[in-house]
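Novice: Per our numbering, the very first residue in the sequence shown carries number 873; after that it's consecutive. By construction, the Cβ of each residue, glycine as well, lies at the ideal position given by its N, Cα and C atoms. Nothing here was measured: the structure is a model prediction, and the numbers come from that model.
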Amino acid sequence: MKPMLKFMRKYARSYLIKVIFAVIIIVFVFYFGAGSLREKETKIAEVGSFDILYPEYYEAYNKELEMFRQLYRDKFDEKMAAELKDKVLQDMLNKYILLVEAKKLGISVSDQEFAELIGSIEAFRKDGKFDKDRYVAVLRQNKMDPEQFERGEKTMLLIRKVVSIVRDTGAPVTDADIWAGYVREKGKVDLFYSRFSPASFKDKVTVTEKELNDVYEKEKDRFRGEDTYRLKYIIVDGKSGLRDDQIYMDLLKAKDIDAYGRQRDLKVNDTGSMRQSELFKTYKNLKIETWVKDLRKGDVSLPVRDDGRSLIFQLVEREDGKPMEKSAALQSIKNSLATNKAKEKARLAAEDAVKNKSVDKKTHTGFISRTTTSIPKIGDIPRDNAGMLGLTKDTPVYDKSVDINGDYYVFGYAGEQEPDRQEWQKDKERFAQYYTARHKEQFLTSFLEESKQAMLKQGKIKILKNPKEI
873 MKPMLKFMRK YARSYLIKVI FAVIIIVFVF YFGAGSLREK ETKIAEVGSF
923 DILYPEYYEA YNKELEMFRQ LYRDKFDEKM AAELKDKVLQ DMLNKYILLV
973 EAKKLGISVS DQEFAELIGS IEAFRKDGKF DKDRYVAVLR QNKMDPEQFE
1023 RGEKTMLLIR KVVSIVRDTG APVTDADIWA GYVREKGKVD LFYSRFSPAS
1073 FKDKVTVTEK ELNDVYEKEK DRFRGEDTYR LKYIIVDGKS GLRDDQIYMD
1123 LLKAKDIDAY GRQRDLKVND TGSMRQSELF KTYKNLKIET WVKDLRKGDV
1173 SLPVRDDGRS LIFQLVERED GKPMEKSAAL QSIKNSLATN KAKEKARLAA
1223 EDAVKNKSVD KKTHTGFISR TTTSIPKIGD IPRDNAGMLG LTKDTPVYDK
1273 SVDINGDYYV FGYAGEQEPD RQEWQKDKER FAQYYTARHK EQFLTSFLEE
1323 SKQAMLKQGK IKILKNPKEI
């Protein structure tokens, strides 16, 4: 698995990997083991005559959780884990929508098809052919019930058949479609833009005394100086020969990090007294802001893993920030209100420009890739606004204002560069395969979403448990 992930990360932008990744997603979306179609367990949802039960959901969630942890590594956080819960439920709804469609179309899996599938699995073969004794032994070794395994494999094969039929139902792809897709992937676009900075609206806003005092009375407890922290920590790496979880458990008992360090011949580091902002900046790669506030004096943190090592902290001292003088608090409130009002004025001005299709044609980005994620001298493009890179003569102004680093932008089409024709001839066959596969996946996605919305409206899909509460 690890070499595959390394390969995928290295070549993530190639056509081949995009298609491979689409296939991997389909497998994880639709194959969640045997399922629990008949077990009397807690129901998560109903799809037609099928029930999504807790054991099946739990198994599916853990499979995807492991995959995402390997893909995103240290970037995988609690927010992503929470979002994954809903994603898994949506994926399982899709699985059963396809099973409902199979019933509707009268599609089934024959004994011959199942025998061919099982016979093709290398783990069940001996001397070049299927071996029943080996089959039973492998299942027993993996603690799998043969009946449940076979039911799961038949379900997977049935879903594959339905997916294949749905994919092939979409409109055929023409050469013109493929070229247009290649232009979107490899072409470049030049964009005009107007910038609406909140700073330029600050002198046009006013903050009344009433507004200041109202906010102060509601939030005066919030206006304090920064908290200060002092922590000590031990770094655990491969050289020590010690496990971070064992050190953590030892420290919970010992409660004295200095004494423990001397006993184990481990260096104890001291942050000294640090303001909260300084502490967060210094240890931002450890996401210290997400856990340090929960520590009380003497508490030991869980091991925080970073770049092949672990850090275990103990809170030595914490001093709450002192209350701010009222005049300073009022000034802080005034600045905040003025900034928010100026930002709102900038946003409204940008939206008016979008509505009137008014873009300053003196400033432009220069030619940038239609698949870029950032614009030089402007900043990263928000994921939800990637459509601005698809502007053409026919759609000359992007239909939304774009917030980039606190400023609002309105983008318009200035020109484009088509991909090099010689490169196109080299890439044509490979890109056509990729584009056709992607087109089929997009059709499948649209089919599933439209079916889901229709079934929800008709009461044929019922969500019985909120994924966040599972």
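Can you tell which of Leu1263, Asp1275 and Gln1148 has its C-alpha closest to the C-alpha of Gly1059?
Specialist: The shortest C-alpha separation from Gly1059 is found at Leu1263.
Novice: Restricting to Cα atoms, I'd like to know which of Thr1154, Ile990, Lys1233 and Arg1310 is closest to Leu1011.
Specialist: That would be Ile990, whose Cα lies nearest to the Cα of Leu1011.
Novice: Could you tell me whether any Cβ in chain C is nearer than 9 Å to the Cβ of Asp1075?
Specialist: This model lacks chain C altogether; it includes just one protein chain.
Novice: Could you tell me which residues DSSP puts in a beta bridge with Asn1141?
Specialist: Paired residues: Tyr1105.
Novice: Could you check where the beta strand (DSSP E) with Ser1241 kicks off and where it finishes?
Specialist: Start and end: His1236 to Ser1241.
Novice: Please state the DSSP three-state secondary structure of Gln1148.
Specialist: DSSP places Gln1148 in helix when its eight states are reduced to three.
Novice: So the alpha helix (DSSP H) Phe1303 belongs to, where does it begin and stop?
Specialist: From DSSP, the alpha helix (DSSP H) with Phe1303 extends over Arg1293 to Lys1329.
Novice: Report the option in Ile1240, Leu925, Phe948 and Gly920 whose CA atom is closest to the CA atom of Lys1329.
Specialist: Of the candidates Ile1240, Leu925, Phe948 and Gly920, the one whose C-alpha sits nearest the C-alpha of Lys1329 is Gly920.
Novice: For Ser1069, I'd like the list of residues in its chain whose CB is within less than 7 Å of its CB, leaving aside the five on either flank, ordered along the chain.
Specialist: Counting only Cβ-Cβ distances below 7 Å, and skipping sequence neighbours, we find Ala1218 and Asp1279.
Novice: Beta-carbon within less than 8 Å of Lys1312's beta-carbon, same chain only, minus the 5 sequence neighbours each way: which residues are those?
Specialist: These residues qualify, in order along the chain: Arg1039, Asp1040 and Gly1042.
Novice: Quick one: grab the DSSP three-state call for Pro927.
Specialist: Helix, per DSSP.
Novice: Can you name the start and end residues of the alpha helix (DSSP H) that Leu1123 belongs to?
Specialist: Element bounds for Leu1123: Asp1116 to Ala1126.
Novice: Pull up the CB-CB distance for Ile969 and Lys1324, whole angstroms please, since I reckon it's below 8 Å.
Specialist: The pair is a contact, with the Cβ atoms about 6 Å apart (cut-off 8 Å).
Novice: Helix or strand or just coil, what does DSSP make of Gly978?
Specialist: Coil, per DSSP.
Novice: Near Ala1326, what residues of its chain come up, given a Cβ to Cβ distance below 6 Å and the 5 sequence neighbours on each side ignored?
Specialist: Contacts found: none.
Novice: Let me confirm a value: Met1028 is counted as buried when at least 16 other C-beta atoms fall within 10 Å, else exposed. Which label applies?
Specialist: By the 10 Å Cβ count, Met1028 comes out buried.
Novice: According to DSSP, which residues form a beta bridge with Ala1068?
Specialist: This sequence places Phe at residue 1068; Ala is not what is there. BP columns for Phe1068 point to Tyr1280.
Novice: Pop quiz: Glu1189 and Arg1147 are said to be a contact at Cβ under 8 Å. What is the actual Cβ separation, rounded to whole angstroms?
Specialist: Wrong, their Cβ atoms sit about 13 Å apart, outside the cutoff.
Novice: Which partner residues of Gln1186 appear in the DSSP bridge assignment?
Specialist: Answer is Lys1104 and Val1172, bridged to Gln1186.
Novice: Assign Glu1341 to one of three DSSP states: helix, strand, or coil.
Specialist: Reduced to three states, the DSSP call for Glu1341 is helix.
Novice: Three-state secondary structure (DSSP) at Asp1252?
Specialist: DSSP places Asp1252 in strand when its eight states are reduced to three.
Novice: Within 10 angstroms of the Cβ of Gly1284, are there 16 or more other Cβ atoms? Answer buried if so, exposed if not.
Specialist: So Gly1284 ends up on the buried side.
Novice: Flag this pair as yes or no: are the beta carbons of Ala932 and Lys1076 separated by less than 9 Å?
Specialist: Against a cut-off of 9 Å, the Cβ pair of Lys1076 and Ala932 comes out as no contact.
Novice: Use the C-beta contact count for Lys967: other C-beta atoms within 10 angstroms, 16 or more gives buried, fewer gives exposed.
Specialist: The residue in question, Lys967, is buried, as its Cβ has 16 or more Cβ neighbours within 10 Å.
Novice: Mind checking Ala1200: buried by the 16 CB within 10 Å criterion, or exposed?
Specialist: Looking at its Cβ environment, which holds fewer than 16 other Cβ atoms inside 10 Å, Ala1200 is exposed.
Novice: How many Å lie between Gly1000 and Tyr1007 at the Cα?
Specialist: The straight-line gap from Cα to Cα measures roughly 14 Å.
Novice: Would you kindly work out how many angstroms separate the C-alpha atoms of Ile1247 and Asp1117, rounded to a whole number?
Specialist: Looking at the two C-alpha atoms, the distance is approximately 44 Å.
Novice: In the DSSP assignment, find the unbroken alpha helix (DSSP H) run with Glu988 in it and report its ends.
Specialist: Per DSSP, Glu988 belongs to the alpha helix (DSSP H) from Asp983 to Gly991.
Novice: So what does DSSP say about Gly1097, is it helix, strand or coil?
Specialist: Gly1097 falls in the coil class under three-state DSSP.
Novice: Determine the direct distance from the alpha carbon of Arg945 to that of Leu877, and round the result to whole angstroms.
Specialist: Its pLDDT being 42, under 50, Leu877 is placed unreliably in this model, and the value from its coordinates should be taken loosely. Near 11 Å, if we compare the C-alpha coordinates of Arg945 and Leu877.
Novice: Give the secondary structure of Gly1113 by DSSP, where H, G and I count as helix, E and B as strand, and everything else as coil.
Specialist: Correct three-state label for Gly1113: coil.
Novice: Given Lys975, which residues of its chain have a CB within under 6 Å of its CB, disregarding the five upstream and five downstream residues?
Specialist: Within the same chain, Lys975 has no close Cβ partners at all.
Novice: If we ignore side chains and look at the alpha-carbon of each, how far apart do Pro1018 and Ile993 end up?
Specialist: Spanning the two alpha carbons is a distance of roughly 15 Å.
Novice: Candidates Lys1300, Ser1036, Lys1334 and Phe1315: which alpha carbon is nearest Ile1050's?
Specialist: Nearest C-alpha to Ile1050: Lys1300.
Novice: Would you list the one or two residues that DSSP bridges to Leu1335?
Specialist: Sequence check: residue 1335 is Ile here, not Leu. For Ile1335, which the question treats as bridged, DSSP gives the partners Ala917.
Novice: Here's the rule I'm using: 16 or more other beta-carbon atoms within 10 Å means buried, otherwise exposed. How should Ala1009 be labelled?
Specialist: Exposed: under 16 other Cβ atoms inside 10 Å.
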